[in-house]
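Chains S and G are the protein sequences, given in the same order. Count the first sequence with UniProt numbering and you get residues 1 to 227, in order. Count the second sequence with UniProt numbering and you get residues 1 to 227, in order. C-beta atoms are modelled at their ideal positions from N, C-alpha and C, and glycine is treated no differently. Okay, so here's the structure we're looking at.
Number of protein chains: 2
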Amino acid sequence: MTLILHHLETSRSMRILWLLEELGLDYELKTSQRDPKTMFGPADHQKLHPQGSWPLIQDGDLTLPESGAIVEYVINKAGAESWRRTPDQADWPDYLRWMHFAEATLQPYLLMHLVFSKLPKQAPAMARPIVSKVKEGVEGFIINPKVELYMKMIEAHLTGKDSFLEGGLTGADVMMIFPLESVFARIDDAGKKYPNTKKYVQGIHGRPAFKAALEKGGEYKLAPLQD
Amino acid sequence: MTLILHHLETSRSMRILWLLEELGLDYELKTSQRDPKTMFGPADHQKLHPQGSWPLIQDGDLTLPESGAIVEYVINKAGAESWRRTPDQADWPDYLRWMHFAEATLQPYLLMHLVFSKLPKQAPAMARPIVSKVKEGVEGFIINPKVELYMKMIEAHLTGKDSFLEGGLTGADVMMIFPLESVFARIDDAGKKYPNTKKYVQGIHGRPAFKAALEKGGEYKLAPLQD
Numbered sequence: 001m002t003l004i005l006h007h008l009e010t011s012r013s014m015r016i017l018w019l020l021e022e023l024g025l026d027y028e029l030k031t032s033q034r035d036p037k038t039m040f041g042p043a044d045h046q047k048l049h050p051q052g053s054w055p056l057i058q059d060g061d062l063t064l065p066e067s068g069a070i071v072e073y074v075i076n077k078a079g080a081e082s083w084r085r086t087p088d089q090a091d092w093p094d095y096l097r098w099m100h101f102a103e104a105t106l107q108p109y110l111l112m113h114l115v116f117s118k119l120p121k122q123a124p125a126m127a128r129p130i131v132s133k134v135k136e137g138v139e140g141f142i143i144n145p146k147v148e149l150y151m152k153m154i155e156a157h158l159t160g161k162d163s164f165l166e167g168g169l170t171g172a173d174v175m176m177i178f179p180l181e182s183v184f185a186r187i188d189d190a191g192k193k194y195p196n197t198k199k200y201v202q203g204i205h206g207r208p209a210f211k212a213a214l215e216k217g218g219e220y221k222l223a224p225l226q227d
Numbered sequence: 001m002t003l004i005l006h007h008l009e010t011s012r013s014m015r016i017l018w019l020l021e022e023l024g025l026d027y028e029l030k031t032s033q034r035d036p037k038t039m040f041g042p043a044d045h046q047k048l049h050p051q052g053s054w055p056l057i058q059d060g061d062l063t064l065p066e067s068g069a070i071v072e073y074v075i076n077k078a079g080a081e082s083w084r085r086t087p088d089q090a091d092w093p094d095y096l097r098w099m100h101f102a103e104a105t106l107q108p109y110l111l112m113h114l115v116f117s118k119l120p121k122q123a124p125a126m127a128r129p130i131v132s133k134v135k136e137g138v139e140g141f142i143i144n145p146k147v148e149l150y151m152k153m154i155e156a157h158l159t160g161k162d163s164f165l166e167g168g169l170t171g172a173d174v175m176m177i178f179p180l181e182s183v184f185a186r187i188d189d190a191g192k193k194y195p196n197t198k199k200y201v202q203g204i205h206g207r208p209a210f211k212a213a214l215e216k217g218g219e220y221k222l223a224p225l226q227d
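And the structure:
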């Protein structure tokens, strides 16, 4: 049975494509484009699964959404044990922690950052000064302090490292790459503020499997991360 | 070694407290209050872990944040196998999917809903009509459609069920209870629109372990869910 990956351009599903390339699994790729106006993917994707989200994988009767679940599933299917941790391993809690942190803690603030950054441009010209104040207020009170807190933590963690856990890349890196790419694409001065993290992301972008994924996946505005 | 749970009133950590009660593990509870003005928890919590978030558990040398990671850790520590799924079980992918969905997909839109719902009240009186329009625009374009899509999917999934997977409660239920409580607390008419889901939440709120957790954890505005 060949795995099918449903991929949306410039989205979370890029990391699954990268993982599939790293693990050398046989797979079929189905790529969708975003609507240039709304930036949403095609609505008929919901026919495949009611969640209507990307990435989505199909493997025989299984149709599975959710990056975290897909990463675990793909690693297990490939029998790629070094990419996972299990309860008998000392760094299992840390593995789980980064696996969840990426989307549960860091990414929600980046989503809010994206939504608020677009508000002033979309407001009528007369309302723009007020809307800009609202944006700056929420960014200053909630979004920026959280993103900075988390990025400082990551920057300290990644000092001298090219993977989140000891002993090479794991699912934790697959999960973390997307929010980190988003940080460098959207947060001013991120490259200066978080040099270890930048080096880490560039290390992943330099991998042959990542380059192969970039070639196959179509538009991906978040990579490669330039100097 | 006794597990320590760092808990913040009316927050995600309530579900870990509930889980500890269900599993009958020995634990020590340390509860923090929110600042009544900012609604943030105490900043010195960051001394325990740079992420500065709740729930946080300590177990000997281990200090672990992130609900999803903590749920897996606690279940494993208690040897409560029926509360987890492993790769050899057919419903493992589904288990992982709900484990991640709760915080990675549903909760971010509920966080945005909360942030936007507060904007008009916090704006100066003259700016309020414009800020209300912004709020309604983002709610109508992004937040409400997503929350409705996900809640319809959950409502269909929970028809006639009192757990997300067959065979009783698992970590997936522990993860899902918090965003679902948030939906009923914040979304108008949620009780009417999602009766199966409401019944499911009320089922959990009726459990002795949940009631014990409510008594021990201090203020928890999201439960019990009333008729």
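(request) Within its chain, find whatever has a CB closer than 7 Å to the CB of residue 269 of chain S; leave out the 5 residues flanking it on each side and keep chain order. (result) Missing from the structure shown is residue 269 of chain S; chain S here goes from 1 to 227 and no further.
(message) For E166 of chain G and L20 of chain G, I'd like the C-alpha separation in whole angstroms.
(response) Taking the second sequence and counting its residues from 1, one reaches residue 166 of chain G at position 166. Taking the second sequence and counting its residues from 1, one reaches residue 20 of chain G at position 20. The straight-line gap from Cα to Cα measures roughly 21 Å.
(message) Can you tell me where the alpha helix (DSSP H) holding Y109 of chain S begins and where it ends?
(response) Stepping through the first sequence from its first residue, residue 109 of chain S is reached at position 109. First-last of the alpha helix (DSSP H) with Y109 of chain S: Q107 to Q122.
(request) Can you tell me which of the three DSSP states P87 of chain S falls into? (result) Stepping through the first sequence from its first residue, residue 87 of chain S is reached at position 87. DSSP places P87 of chain S in coil when its eight states are reduced to three.
(message) For a test of the three-state rule: what should DSSP assign to Q46 of chain G, helix, strand or coil?
(response) In the second sequence, residue 46 of chain G corresponds to position 46, counting from 1. Three-state DSSP puts Q46 of chain G in a helix.
(message) Mapping the DSSP letters down to three states, classify P224 of chain S as helix, strand or coil.
(response) Taking the first sequence and counting its residues from 1, the one referred to as residue 224 of chain S is at position 224. Residue state, collapsed to three classes: coil.
(request) Run down chain S in chain order and give the residues with a C-beta less than 8 Å from the C-beta of R97 of chain G. (result) In the second sequence, residue 97 of chain G corresponds to position 97, counting from 1. Result: L64, P65, E66 and A69.
(message) Just to confirm, is the Cβ distance from I56 of chain G to A213 of chain G under 8 Å?
(response) The residue labelled residue 56 of chain G in the question sits at position 56 within the second sequence. The residue labelled residue 213 of chain G in the question sits at position 213 within the second sequence. The question names Ile, but residue 56 of chain G in the sequence shown is Leu. Cβ atoms of L56 of chain G and A213 of chain G: not closer than 8 Å.
(message) Rounded to whole angstroms, what is the Cα-Cα separation between M176 of chain S and K77 of chain G?
(response) Translated into positions along the first sequence, residue 176 of chain S becomes position 176. Translated into positions along the second sequence, residue 77 of chain G becomes position 77. Each residue's Cα considered, the two are about 26 Å apart.
(message) Helix, strand or coil, according to DSSP, for D94 of chain G in the structure here?
(response) Locating residue 94 of chain G in the second sequence gives position 94, where the first residue counts as 1. Three-state result, D94 of chain G: helix.
(message) Between the alpha carbons of S53 of chain G and K135 of chain G, how many angstroms are there, rounded?
(response) Residue 53 of chain G sits at position 53 when you count from the first residue of the second sequence. Residue 135 of chain G sits at position 135 when you count from the first residue of the second sequence. Distance between the alpha carbons of S53 of chain G and K135 of chain G is about 27 Å.
(request) Under the assumption that E103 of chain G contacts H100 of chain S (Cβ atoms under 8 Å), give the Cβ distance between them as a whole number of angstroms. (result) As a first step, residue 103 of chain G is located in the second sequence; it is residue number 103 there, counting from the start. As a first step, residue 100 of chain S is located in the first sequence; it is residue number 100 there, counting from the start. Between H100 of chain S and E103 of chain G the Cβ distance is about 7 Å, and since that is below 8 Å, they are a contact.
(message) Let me confirm a value: D173 of chain G is counted as buried when at least 16 other C-beta atoms fall within 10 Å, else exposed. Which label applies?
(response) The residue you call residue 173 of chain G lines up with position 173 of the second sequence. Result: buried.
(message) Along the chain, where does the alpha helix (DSSP H) containing T31 of chain G start, and where does it finish?
(response) As a first step, residue 31 of chain G is located in the second sequence; it is residue number 31 there, counting from the start. First-last for T31 of chain G: Y27 to S32, but that is the beta strand (DSSP E), not the alpha helix (DSSP H).
(message) Cβ closer than 8 Å: which chain A residues qualify as neighbours of S53 of chain G?
(response) The structure shown contains no chain A; its protein chains are S and G.
(request) Report yes if the CB atom of I143 of chain S is closer than 8 Å to the CB atom of F178 of chain S, and no otherwise. (result) Here the question's residue 143 of chain S lines up with position 143 in the first sequence. Here the question's residue 178 of chain S lines up with position 178 in the first sequence. No, they are not a contact pair.
(message) Quick check: what's the CA-CA separation for P124 of chain S versus F141 of chain G?
(response) Working through the first sequence from its first residue, we reach residue 124 of chain S at position 124. Working through the second sequence from its first residue, we reach residue 141 of chain G at position 141. Near 17 Å, if we compare the C-alpha coordinates of F141 of chain G and P124 of chain S.
(request) Closer than 7 Å by beta-carbon distance: list the chain G residues that pair up with A127 of chain S, in chain order. (result) Along the first sequence, read from residue 1 onward, the residue named residue 127 of chain S stands at position 127. Within chain G, the residues near A127 of chain S are I130.
(message) Please identify, using Cβ separations under 8 Å, the residues of the segment 189-209 of chain G that lie next to chain S, in order along the chain.
(response) none
(request) Could you work out which residue in S:S132, S:L25 and S:V183 is closest to L222 of chain S when comparing CA atoms only? (result) Along the first sequence, one-based indexing puts residue 222 of chain S at 222. Considering only alpha carbons, the answer is S:V183.
(message) So, with DSSP's three-state summary, where would you put I16 of chain G?
(response) Counted from its first residue, the second sequence places residue 16 of chain G at position 16. If DSSP states are grouped into helix, strand and coil, I16 of chain G belongs with the helices.
(request) Determine the DSSP secondary structure at D189 of chain S, reduced to helix, strand or coil. (result) Against the first sequence, residue 189 of chain S aligns to sequence position 189. It is coil, neither helix nor strand.
(request) Using a Cβ cut-off of 8 Å (strictly closer), state whether N76 of chain G contacts chain S. (result) Looking up residue 76 of chain G in the second sequence gives position 76. Closer than 8 Å to some Cβ of chain S, the Cβ of N76 of chain G qualifies, so yes.
(request) Taking the CB atoms as reference points, tell me whether W83 of chain G and L169 of chain G lie closer together than 8 Å. (result) Numbered from 1 along the second sequence, position 83 holds the residue referred to as residue 83 of chain G. Numbered from 1 along the second sequence, position 169 holds the residue referred to as residue 169 of chain G. Yes, these two residues count as a Cβ contact at 8 Å.
(message) Taking CB distances under 8 Å as the criterion, tell me whether L225 of chain S reaches chain G.
(response) Taking the first sequence and counting its residues from 1, the one referred to as residue 225 of chain S is at position 225. L225 of chain S does not count as touching chain G.
(request) Report yes or no: do the segment 24-37 of chain G and the segment 66-75 of chain S share at least 3 C-beta pairs separated by less than 8 Å? (result) no
(request) Pick helix, strand or coil for T38 of chain S, following the three-state DSSP scheme. (result) Mapped onto the first sequence, residue 38 of chain S falls at position 38. Looking at T38 of chain S - three-state DSSP - the assignment turns out to be coil, as it is neither helix nor strand.
(message) Using a Cβ-Cβ cutoff of 7 Å, what residues of the segment 30-52 of chain S are near chain G? List them in chain order.
(response) P50, Q51 and G52
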